[in-house]
Amino acid sequence: MGSIPSVRKLWVVIVGSVLAMLLELYSNLCPSEGLIDAHALWHVASITLSYLSWRFFKEDAKFRITNKTE
């Protein structure tokens, strides 16, 4: 998949973003037991994906500084 060790996190963010966008498109679905709907799940996914993307940036920066690759 690549020489960067954390490249899997990047792929999870990319695929997760596509799936989260589908949740936003189908946000008119009925809430489950009146509590959680697709839009609420989209918010949970976007927070999680933001955290994963920042972890990727941090690990990638450490990797590039350590190995001095460009």
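Position 69, counted from 1, in the sequence shown is what our numbering calls 70; the numbers after and before it change by one each time, with no gaps.
Even glycine gets a Cβ: it sits at the ideal position worked out from N, Cα and C.
All values reported here derive from a predicted model rather than from experimental measurement.
- Closest option to L26, judged by alpha-carbon separation, among A41, N68, K63: A41.
- The segment 29 to 38 and the segment 53 to 68 do not touch, with fewer than three beta-carbon pairs separated by less than 8 Å.
- Around the Cβ of W55, a 10 Å sphere holds fewer than 16 other Cβ atoms; the residue is exposed.
- With a 10 Å radius around the Cβ and a threshold of 16 neighbouring Cβ atoms, F58 comes out exposed.
- If you draw a straight line from the Cα of L24 to the Cα of G17, it comes to about 10 Å.
- Considering only K10, R9, L20, the residue with the shortest C-alpha distance to A46 is L20.
- For I37 and I48, the gap between their C-alpha atoms comes out near 16 Å.
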